[in-house]
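Chemist: Got a structure for you, questions after.
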């Protein structure tokens, strides 16, 4: 889970020039200043209007965690497996979103002067993504409702409301929703944060942490500064890692193996063997087996299991029963699916998707 990639651009979501976008928690650029650093604070995202809202027309793109390049400042549409609908090439840089409006959702940021944590709220539609980008601050990505997905360092995390993902500053990532969700992002200034994780880390969201995040998301003038700092301190104390394994099913490089992969993404329950697939794509079973190992690092069987788990997660998060999900992704029995999930993720689905409980 090592960091990879690039910084955010300096243009707003409508393509207008953005002022100082590299200075806040939302992206590194030419300056890379701390929000409490140079320039008397004029580069800090704390300098906002009284209501803390981020309207579409603002030129100060430090309020928006979008990606590189002119078009990547807008969410785009992906299929439920996290892949763009038009494949590689020119079209992959276009934004995809339901409806005619291709601009970012109306976001909101609460970042009072002197606070250690800023809280942003960004509604995302089903299949809507923020393109690959990075932040100058650490980020905790969480959805109080709906299901988030984060892609970083070649891995994919599917995040129900019971867990969040810690994304260290400087780690490029793409964030989206596998069902309509509210992305609630906490941004932690590195020079004021004791957390030292240098790789993405899944974090448990207890009932208390959930309530504190909601508390900090209120308008700044509703919480006294000293009370806010105390709440921020408790948030930091509650960041507890969860030992789960990410699910990854990368595309093989070989064109014939990739055709098999694409067909299985469309129908994870397809149970054809490599010999049967070979007659479809014009390759021997041995050739396809080698292509999967060399292109993905996984055997065909391992890759298909990962794909099925990846396809199952949004269904489970949406409340589908284990038995129905098992059938939809190709397992003959719920017990076989649960066993595969436990082996692949590290915990059974009932634990991973448990509803929020107490303060633990």
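Numbering (full-length UniProt numbering), first residue to last: 1 to 360.
All C-beta atoms in this analysis are idealised placements derived from N, C-alpha and C, irrespective of residue type, glycine included.
Inspect the CB distances between the stretch 235-249 and the stretch 193-209 and report whether three or more fall short of 8 Å.
Modeler: yes
Chemist: Using a Cβ-Cβ cut-off of 6 Å (strictly less than) and excluding sequence neighbours within five positions of residue 38, which residues of its own chain qualify?
Modeler: With a pLDDT of only 36 at residue 38, under 50, the local geometry of the prediction cannot be trusted, and the value read off the model is given with reservation. Cβ neighbours of residue 38 beyond the five flanking positions: none.
Chemist: Label residue 225 either buried or exposed according to how many other C-beta atoms from any shown protein chain fall within 10 Å of its C-beta, with 16 as the threshold for buried.
Modeler: exposed
Chemist: If we count Cβ pairs, one from each stretch, closer than 8 Å, do we get three or more for the stretch 211-219 versus the stretch 325-336?
Modeler: no
Chemist: Count the CB pairs spanning the stretch 271-285 and the stretch 306-314 that are closer than 8 Å, and state whether there are at least three.
Modeler: no
Chemist: Would you say the stretch 168-178 touches the stretch 115-132, given that touching needs at least three Cβ pairs under 8 Å?
Modeler: Yes: at least three Cβ pairs fall under 8 Å.
Chemist: With burial defined as no fewer than 16 other Cβ atoms inside 10 Å of the residue's Cβ, what is the status of residue 196: buried or exposed?
Modeler: Residue 196 sits exposed, since fewer than 16 C-beta atoms from the chains shown fall within 10 Å of its C-beta.
Chemist: Following the continuous beta strand (DSSP E) through residue 130, name the residue where it begins and the one where it ends.
Modeler: Counted as a single uninterrupted DSSP element, the beta strand (DSSP E) harbouring residue 130 occupies residues 128-133.
Chemist: For residue 152, is the classification buried or exposed, using 16 other Cβ atoms within 10 angstroms of its Cβ as the cut-off for buried?
Modeler: buried
Chemist: Rounded to whole angstroms, what's the CA-CA distance from residue 122 to residue 277? Just pull it up for me.
Modeler: 42 Å
Chemist: When DSSP builds the beta bridges, which residues end up paired with residue 156?
Modeler: Beta-bridge pairing links residue 156 to 151 and 247.
Chemist: Assuming residue 231 and residue 212 are in contact, meaning their beta carbons sit under 8 Å apart, how far apart are those beta carbons, in whole angstroms?
Modeler: 6 Å
Chemist: Can at least three beta-carbon pairs, one atom from the stretch 254-269 and one from the stretch 287-297, be found at a separation below 8 Å?
Modeler: yes
Chemist: DSSP puts residue 278 in a beta bridge; with which residues?
Modeler: Looking at the DSSP output, residue 278 sits in no beta bridge, so it has no partner there.
Chemist: Based on Cα-Cα distance, which residue from 268, 299, 281 and 112 lies nearest to residue 337?
Modeler: 268
Chemist: Since residue 344 is in the alpha helix (DSSP H), which residue starts that stretch and which ends it?
Modeler: 334-345
Chemist: So, with DSSP's three-state summary, where would you put residue 140?
Modeler: DSSP places residue 140 in strand when its eight states are reduced to three.
Chemist: With DSSP as the reference, please indicate the residues paired to residue 177 in a beta bridge.
Modeler: 148
Chemist: Applying the 10 Å Cβ sphere with the 16-neighbour rule, what's the burial state of residue 248?
Modeler: So residue 248 counts as buried.
Chemist: For residue 300, does the three-state DSSP call read helix, strand or coil?
Modeler: The answer is helix: DSSP assigns residue 300 an H, G or I state.
Chemist: Residue 150 and residue 178 look like a contact to me (Cβ under 8 Å); what is the Cβ gap, rounded to whole Å?
Modeler: Residue 150 to residue 178, Cβ: 11 Å. No contact.
Chemist: Tell me which same chain residues have a C-beta within less than 8 Å of the C-beta of residue 167, skipping the five on either side of it?
Modeler: 135, 138, 139, 140, 141, 150, 152, 173 and 200
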